[in-house]
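Asker: Quick one: structure below, then a few questions.
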Amino acid sequence: MTVSNTERAHPPGGLASAPWAALAWSAVALGLGIGWGAGLLPVGVPTEDGFGSLFVAAGAGAAVAASLVMGGLGVVLSLVVLSGRALWGRAVEFASWAMAGVAFLVFVDGQLLAWLGYTMILPAVGWTVPGLAGAWLEATLRPTHLTVLFFALGVLVWGVAALYRRRAVGGACPRCGRDGHWTPRVEARVRERARRTGVVAVTAGSAVALVYPALRLPWLFGIPMGIDPEVFEEMTRTGEHIVVGVGLGSAALAGVALMSGLVLRWGVRLPWWTLGLAGRRVPVSLAVVPATVVSLALLAMGRSWLVMLGEADPTRWSDPNTFALLSMGVWGVALAVATVAYAVRRRAECGRCGRGLAEGGTAPVGSGEEAAAMER
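So the sequence shown is numbered by our numbering: it starts at 19 and just counts up by one.
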């Protein structure tokens, strides 16, 4: 189905709130740029010692310009989409994807994964490490970190907006994304490909993800993996760094276990050890949303370390910790692929367009003609 310039390209439903979210985000980004440029707000990017931030080299002025351009362009794109017409067709979709990509590459760095890691371990180790909770709160409210969180949100918002535009201009269902070419046979094939792709992605991602905990968990037994023995001996005197390191390694291990749920049965139905919830279906969003955020953070860590290594002593390449942190970018790619495969595999019959198969079933849903085609 082709949508003309005079047709309504964006029917309500599904991701209909995406362009409104993109407009709100863009307005804030524009306001940030103005506030930074006028000196009304502290510029929320590191300019001296950043976690792989591009603005250490480019300067605060580049951040002001980038925020202004992204905010202004975002407002225009959002208004075009909200007009409800297929003006500029796919160009707006591609521009939306570009907005997400630029927000990620320019503003999101390794701070995001570090913050998520400490957030995970804080309830378990915060009471054993004096000052950790206070340091976490201070880091969370730091302007540079709030900027990373804001632009990470922008990556997600513009990604969803681009997907919404793609469905609308292509004449697909705004809720499930299926178009008029859908058949039960095609659906079954897509699900099987998604299942196989997910297994490969989870297997590869798990292998890479285990590198970091392999360098941290041995600390619990007094083995100085990935660190100079003299430095390790100094760390053991207080034990605080050991606790944090082992905690972060354990968080990575938990991430591997949770990623396996994207291809195992307990990722669809809650397992027996979830007490009174056992047997209930796992909401798709409960798996997809956190996995998407973590994959973004992992990719940002890999990108940050590439930037830092470009500015550091070449001998850093031989450091096993460097390999472990760089590999998180690969883990992020694998997790993103596995997450998409999981979402596709669990996409059930759509209540809006009526297309689709029952989740986990093979019986075709739809007209008798479609069922007959499936039988053949």
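Backbone N, C-alpha and C fix where the C-beta goes; we use that ideal spot for every residue, glycine too.
1. Candidates Trp176, Ala305, Ala121 and Asn339: which alpha carbon is nearest alanine 227's?
2. Sort out for me which residues DSSP pairs arginine 287 with in a bridge.
3. By how many angstroms is the C-alpha of cysteine 368 removed from the C-alpha of threonine 20?
4. Three-state secondary structure (DSSP) at phenylalanine 69?
5. Are the CB atoms of arginine 321 and glycine 70 nearer to each other than 8 Å?
6. State the Cα-Cα distance for the pair alanine 190 and histidine 163, rounded to the nearest angstrom.
7. Quick check on this structure: which residue in Val312, Gly128, Glu251 and Arg370 has the alpha carbon closest to the alpha carbon of alanine 270?
8. Pull up the distance between the alpha-carbon of leucine 167 and that of methionine 253, whole angstroms please.
9. Taking the alpha carbon of threonine 137 as the reference point, which residue from Gly285, Pro202, Val264 and Thr158 has its own alpha carbon closest?
10. Leaving out the 5 sequence neighbours to the left and right, which residues in its chain are closer than 7 Å to glycine 216 when beta-carbon positions are compared?
11. Of the choices Ser96, Arg373, Pro231 and Pro148, whose alpha-carbon is the least far from that of threonine 256?
12. Let me confirm a value: glutamate 398 is counted as buried when at least 16 other C-beta atoms fall within 10 Å, else exposed. Which label applies?
13. Can you give the Cα-Cα distance for glutamate 258 and threonine 165, rounded to whole angstroms?
14. Indicate, with yes or no, if the ligand ATP has a heavy atom lying under 7 Å from the CB of leucine 58.
15. So, under 8 Å CB-CB, valine 173 and alanine 132 are touching, yes? Tell me the CB distance rounded to an integer number of Å.
16. Use the C-beta contact count for aspartate 67: other C-beta atoms within 10 angstroms, 16 or more gives buried, fewer gives exposed.
17. Work out the CA separation of leucine 41 and arginine 26 for me, nearest whole Å.
18. With the cut-off set at 8 Å, would you say glycine 51 and valine 82 are in Cβ contact?
19. According to the Cβ coordinates, are valine 143 and valine 261 closer than 8 Å?
20. Which of the three DSSP states is assigned to methionine 319 in this structure?
21. I believe leucine 233 touches valine 264 by the beta-carbon criterion, under 8 Å. Please report the beta-carbon distance rounded to the nearest angstrom.
22. Going by C-alpha to C-alpha distance, which of Thr310, Ser345 and Pro308 sits closest to leucine 324?
23. Would you grab the beta carbon distance between alanine 376 and alanine 366 for me? Rounded to a whole angstrom, and I think it's under 8 Å.
24. For methionine 392, does the three-state DSSP call read helix, strand or coil?
25. How many angstroms separate the CA atom of proline 37 from the CA atom of arginine 160?
26. Between the C-alpha atoms of serine 44 and tyrosine 182, what's the straight-line distance to the nearest angstrom?
27. From valine 61 to alanine 80, what distance separates their C-alpha atoms?
28. Might you give, ordered along the chain, the residues of its own chain that have their beta carbon closer than 7 Å to the beta carbon of leucine 8, omitting 5 neighbours on each side?
29. Buried or exposed: where does valine 63 fall if 16 or more other Cβ atoms within 10 Å of its Cβ makes it buried?
30. Can you find the residues in the same chain that come closer than 7 Å, C-beta to C-beta, to valine 124, ignoring five residues on each side of it along the sequence?
31. So is tryptophan 290 buried or exposed if we call it buried at 16+ other beta carbons inside 10 Å?
32. If you drop the 5 nearest sequence neighbours on each side, which residues of the same chain put their C-beta closer than 6 Å to that of threonine 146?
33. Go to serine 268, then tell me how far its alpha helix (DSSP H) extends in each direction, as first and last residue.
34. Any idea if valine 202 is buried or exposed, counting beta-carbon neighbours within 10 angstroms, 16 or more meaning buried?
Answerer: With the given structure in hand:
1. Asn339
2. Arg299
3. Interpretation of threonine 20 is limited by its pLDDT of 38, a score under 50 that renders its predicted location unreliable; the figure taken from the coordinates is listed afterwards. One C-alpha to the other measures close to 22 Å.
4. coil
5. yes
6. 38 Å
7. Val312
8. 31 Å
9. Thr158
10. Leu280, Val281, Ala356, Ala359, Tyr360 and Arg363
11. Pro148
12. This structure cannot settle anything about residue 398, because the visible part of the chain is limited to 19 through 394.
13. 29 Å
14. This structure lacks the ligand ATP, and indeed carries no ligand of any kind.
15. That belief does not hold up - the Cβ atoms of valine 173 and alanine 132 are roughly 17 Å apart, past 8 Å.
16. exposed
17. With a pLDDT of 41 at arginine 26, under the threshold of 50, the modelled position of that residue is not reliable, and the figure given next carries that caveat. If you take the alpha carbons of arginine 26 and leucine 41, they lie about 19 Å apart.
18. yes
19. yes
20. helix
21. Rounded, the Cβ-Cβ distance is 11 Å, inconsistent with contact.
22. Ser345
23. 6 Å
24. The pLDDT assigned to methionine 392 is 36, lower than 50, so where the model puts this residue is not dependable; a value taken from the coordinates is nonetheless given after this. Methionine 392 falls in the helix class under three-state DSSP.
25. 29 Å
26. 17 Å
27. 11 Å
28. Shown here, the chain extends from 19 to 394; a query on residue 8 therefore has no answer.
29. buried
30. Leu72 and Ala84
31. exposed
32. Val261
33. 258 to 278
34. According to the sequence displayed, residue 202 carries proline and not valine. It counts as buried.
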